[in-house]
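Numbering (numbering that gives the first Met the number 0), first residue to last: 0 to 205.
A virtual CB, placed ideally from N, CA and C, is assigned to each residue, including glycine.
Model, not experiment: these values are computed from the prediction.
Reviewing the structure listed below.
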Amino acid sequence: MIQAAIWSDRGCYKRSGVNYFANRDDLFTQVGGRIYERLLPDEATIARNQEGVQAQTRYAELMHELVAAAATFGTAPPAQAAAPTLQIVKIYYDSPGADRRSNSSLNAEYITLLNTTRKAIVLEGWSVRDKTGYTYEFGPDVVLGAKKRITVRTGQGDDGTSSVFWNRRQYVWNNDQDTAYVRNPGGKLVDSCSYKARSTSAYVNC
Ligand SMILES: [Ca+2]
Ligand SMILES: [Ca+2]
0 MIQAAIWSDR GCYKRSGVNY FANRDDLFTQ VGGRIYERLL PDEATIARNQ
50 EGVQAQTRYA ELMHELVAAA ATFGTAPPAQ AAAPTLQIVK IYYDSPGADR
100 RSNSSLNAEY ITLLNTTRKA IVLEGWSVRD KTGYTYEFGP DVVLGAKKRI
150 TVRTGQGDDG TSSVFWNRRQ YVWNNDQDTA YVRNPGGKLV DSCSYKARST
200 SAYVNC
């Protein structure tokens, strides 16, 4: 068909097209008809396109469902470890100078705890323990205010609001390594701190 048309333009119409077309108009009508046929999608193509439209609609639905599902992810807060109510903040394990077990040397060894809450904690029954098992238990009338610190010193002395005394005659916190444990009156472990000594420091911030 195309060849016939081209030939026609070249002046060969009569020779090559005469058997097929009544005249030039007929030729173009028929050529146009065939081209139109070729432009029209066949049934299968139409069906595929309609499937495509449906698939697009379904895709949009799925995206809406996905977005709706994803939106629910944010409703639960991420799991986060809460700070212990009574937190170990510092262990001064190697008191300054030679460790000769003088009371002043023993009291220069200590552990400091922080009340991380916004309420005072009655410390009676709370305890501090080292790895060996030496245990200090807070007595009555010790109340630690909100966000306040208290230091437990190893030696002997009179308890106050910011320092209490273990009343030991031996050191508690090993100079090489140790672990401190804090338990509430129910015996539940609330915080712990392990350390290994460094030559540059005599204490550890937990
Ligand atoms: Ca020392
Ligand atoms: Ca120890």
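In this structure, the CA atom of residue 179 is about 20 Å from the CA atom of residue 121. Only exposed fits residue 103, as fewer than 16 other CB atoms lie within 10 angstroms of its CB. Residue 94 counts as buried, since at least 16 other C-beta atoms from the protein chains shown sit within 10 angstroms of its C-beta.
Around the beta carbon of residue 199, fewer than 16 other beta carbons lie within 10 angstroms, which makes this residue exposed. 108 is the residue among 117, 108, 204, 146 whose C-alpha sits nearest the C-alpha of residue 173. As computed with DSSP, residue 152 is found in a beta bridge with 109, 164. For residue 134, the CB contacts under 8 Å within the same chain, skipping 5 residues up- and downstream, are 126, 127, 128 in chain order. With a threshold of 16 other beta carbon atoms within 10 Å, residue 114 meets it and is buried. Shown here, residue 174 sits in coil according to DSSP, grouped into three states, outside any helix or strand. Under the DSSP assignment, residue 89 falls in the beta strand (DSSP E) whose first and last residues are 85-91. Bridge pairing for residue 128: 134, 180 [DSSP].
Closer than 8 Å to some heavy atom of ligand 2: that does not describe the Cβ of residue 150. In the DSSP assignment, residue 192 falls within the beta strand (DSSP E) that extends over 188-195.
Per the DSSP secondary-structure output, residue 102 pairs with nothing in a beta bridge. Around the CB of residue 106, 16 or more other CB atoms lie within 10 Å, so the residue is classed as buried. Judged by DSSP secondary structure, residue 203 falls within the beta strand (DSSP E) whose first and last residues are 202-204. Beta-bridge annotation (DSSP): residue 143 is paired with 120.
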